[in-house]
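Residue numbers (our numbering), protein chains in the order written: chain A, 538 to 651; chain B, 5 to 115.
Glycine included, each C-beta is placed from N, C-alpha and C at the ideal position.
These figures come from a predicted structure and were not determined experimentally.
Since the structure comes first, as structure tokens, the remarks are kept for the end.
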Amino acid sequence: NAGVTQTPEFQVLKTGQSMTLQCAQDMNHEYMSWYRQDPGMGLRLIHYSVGAGITDQGEVPNGYNVSRSTTEDFPLRLLSAAPSQTSVYFCASSSIFGGNQPQHFGDGTRLSIL
Amino acid sequence: KNEVEQSPQNLTAQEGEFITINCSYSVGISALHWLQQHPGGGIVSLFMLSSGKKKHGRLIATINIQEKHSSLHITASHPRDSAVYICAVRYSGGGADGLTFGKGTHLIIQP
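Set out below in structure tokens:
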């Protein structure tokens, strides 16, 4: 049982480049979300989805785009990478939204923007 | 913005010691999560609770709704318990995600 799978594990980009962080889950969870983790701060929500075809913004959405074409996949796109987007990114899923169910996290993507 | 405060921020202890990590929050919640993050690793959910106490192995989580406080205890601590422990809450009436995270407690257990 793979749970939540994130790829790549590490990535280095140059300012202005674009890329997609992949997230897939095999638990048939409706709710998926993307967080970023920065030193000295709690995890912050970027975007979330309550089901296929439905996405919404979280606390820090600027510079990121998401789509949810299937229940399993929830990719995060950086449109034009900036050094401020250097962070560790986590994808999470749960059976329903709202934080009243256990959250399942991926192993994270460590992203550096030069 | 409602905050989640964790204490201590850093904790170093000897193997075998009883460990307590605290989490406090400001307004009513519907759920509180304790998460574990190993160095360079992913995040694992340890507990989700809305009242009382839960136990899993050497880990115990308690919550006092009236005092808006939760504790995570580790009995007979071991070096493999070294990790960052994160508290997160679901505030009542929060949005579709609703989880607010603390900054984490960095725990080191020395042999």
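Start and end residues, beta strand (DSSP E) containing residue i
i      : result
L50/B  : I47 to L53
F547/A : F547 to L550
H584/A : R581 to G588
M569/A : Y568 to Q574
A92/B  : A87 to Y95
I591/A : I591 to Q594
L15/B  : N14 to Q18
7 Å CB neighbourhood of residue i in its chain, flanking five on each side removed
i      : result
A619/A : T552, G600 and I650
S617/A : G553 and S555
S604/A : T592 and P612
R62/B  : I78, T79 and A80
T24/B  : S75 and H77
Environment of residue i [buried if 16+ CB atoms lie within 10 Å]
i      : result
S630/A : buried
M578/A : exposed
A65/B  : buried
H42/B  : exposed
D563/A : exposed
F22/B  : exposed
R84/B  : exposed
T16/B  : exposed
T104/B : buried
H566/A : buried
S632/A : exposed
Residues of its chain near residue i, where Cβ-Cβ distance is below 8 Å and the 5 sequence neighbours each way are ignored
i     : result
H60/B : L50 and F51
Could you tell me whether the segment 605-617 of chain A touches the segment 542-549 of chain A, using the rule of 3 or more Cβ pairs below 8 Å?
-> Cβ pair count under 8 Å is below three, so no.
Against chain A: residues of the segment 34-48 of chain B by CB proximity under 9 Å | S34, A35, H37, L39, Q41, G44, G45, G46, I47 and V48
Can you list, in chain order, the residues of the segment 567-592 of chain A whose Cβ is nearer than 7 Å to any Cβ on chain B?
-> The residues in question are S570, G577, M578, G579, L580, L582, Y585 and V587.
Between the segment 551-562 of chain A and chain B, which residues of the former have CB atoms less than 8 Å from a CB of the latter, in chain order?
-> none
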